[in-house]
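Working notes for the structure below.
In the working numbering, the protein residues as written are -7 to 555.
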């Protein structure tokens, strides 16, 4: 295509985006009515003919002025504003009937980049993030359309990546960009579908609606993409693609806030819990809010922030309630799978729940990674690695998926591969304390104590002296001959356990490393009583190795149903 033809297409698309065509049509219709009506009225009132001719001239002269104003200004939820230049929230080029695709990339594949928050209030970030997630979820229902996972898409949040870079990293042929402007009950949502290979915009639209239309907007966007990429609905999916998850808009807004905080990790799920609870106060039968509570409690219980016996029963209750309201929620089945595995120690039930989640959503990365983790703890190594690698393949920019694969490789003694994988995870997110923690373990198990200590000290600084990382560092000190430093950490963890939750298995690890077997088994007994999730790794986790030749270890394996 010549440069002049390309420029003309871009210009015509920009006229459409700025709604100049619409203004022109409306002006012609109204202008014609004014001229015709004016002639009738002026004749009836016997005005001079020159008066009517003046109206005609002014109407004609007003036409180009109206077009210029339409180009330059726009009516927004906040009032009249200058139209923004074409960007991530605007159109730039029209669709191509047969978009070009790079070699080795599926034509029907898409990444949804985080929609930009264009509101005056930066705290509306939760809403733009929520819109992005909802559209990703809607697109996953389209048959034969491969949708990049949420975590990988959000790796580009706050950045201005080249579309080609996004396509290469996520192996997709198209990218959906957009923006959200929220002012009170008014919404402006813009979206544009870009072809990665040539940069052409296949489709774009702007929606100026009320908040009550938010689900309809999501559905219209998903259907427009289905039309442009010529994909069909998955079997069994009925109209519409996006079903209102609640009729209560306040509950929906609170749910989006909760999702935003849960995705922050750390202490974020605590705030998310409050948002979900408020959402349920507005709509007690809001399935997604119940599922959100389950996820938040799961996070807090599995990461040692809350005692498992405090968090997991509440997580289970919420997940079960979510499934009573909507049995098709794959994420709720996934949460129950994690609970059956890490809290109930019911291995066969856990597997059924993981598989049900995958049946409902075969491309859910967390389900593949979680199931892979479960399989590893059962000693089903090759199956485990296959699932973990599938999780990374589906969500290539997700640090946690990469870390989980790396740590299982470390548990198995495959150190070069493990360390390479964990370094890759840290390239995705250098601030991940868990990836640094697992890298430190990998170095220690490979007898590189200096590198291990450096990585673990980084993890401790990032996580605020989390017991997992402290125990890992203590084991490294013990292995390197610095027993006094290991003893100091052990004493700190014991003292902290009197006033806060410290996973008992971490104390067992340090006790075992220091040769205190009796104390280690006492801590393991407490770990069993408190349902410490670290016990599920009895079969393969190296910190248990100093205890394996003791008959008490076999008793514990049998008690756990792992023998």
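Beta carbons are placed, not taken as given, at the ideal position from N, Cα and C, and that holds for glycine.
Note that the structure is a prediction, hence the values are computed from the model and not measured.
In this structure, residue 345 lies near residue 326, with their beta-carbon atoms less than 9 Å apart. Residue pairing by DSSP places residue 200 opposite 180 in a beta bridge. Secondary structure note for residue 143: its alpha helix (DSSP H) is the uninterrupted segment 142 to 146. The beta carbon of residue 200 sits closer than 6 Å to those of 180, all from its chain and outside the five residues before and after it, given in chain order.
Contact annotation: residue 424 and residue 392 have beta-carbon atoms nearer than 9 Å. Residue environment: residue 284 is assigned as buried (16 or more neighbouring CB atoms within 10 Å of its CB, all protein chains considered). Counting of Cβ neighbours within 10 angstroms places residue 483 among the exposed residues, the total staying below 16. Bridge pairing for residue 169: 184 [DSSP].
C-alpha of residue 48 to C-alpha of residue 158: approximately 54 Å in a straight line. Per DSSP, reduced to three states, the secondary structure at residue 164 is coil, with no helix or strand assignment.
DSSP places residue 455 inside the alpha helix (DSSP H), whose first and last residues are 441 to 455. Checking the DSSP bridge columns, you'll see residue 101 partnered with 138. The Cβ-Cβ distance between residue 249 and residue 274 does not fall below 9 Å. Residue 140 and residue 58 have their C-alpha atoms spaced approximately 43 Å apart. Per DSSP, the unbroken alpha helix (DSSP H) holding residue 365 starts and ends at 357 to 369.
Collapsing the DSSP output to three states places residue 438 in coil. Each of 42, 52, 298 and 355 was checked against the Cα of residue 142, and the nearest Cα belongs to 355. Beta-bridge partners assigned by DSSP to residue 108: 171.
Three or more Cβ pairs drawn from the stretch 105 to 123 and the stretch 171 to 186 lie within less than 8 Å of each other, which places the two stretches in contact.
Residue 194 sits in a strand when the DSSP states are folded into three classes. Around the CB of residue 311, 16 or more other CB atoms lie within 10 Å, so the residue is classed as buried. Apart from the 5 residues on each side of it in sequence, residue 132 sits with its Cβ closer than 6 Å to the Cβ of 139 in its chain, given in chain order.
Residue 439 is classed as exposed because its beta carbon has fewer than 16 other beta carbons within 10 Å across all chains shown. Taking the CA atoms as reference points, residue 331 sits about 29 Å from residue 234.
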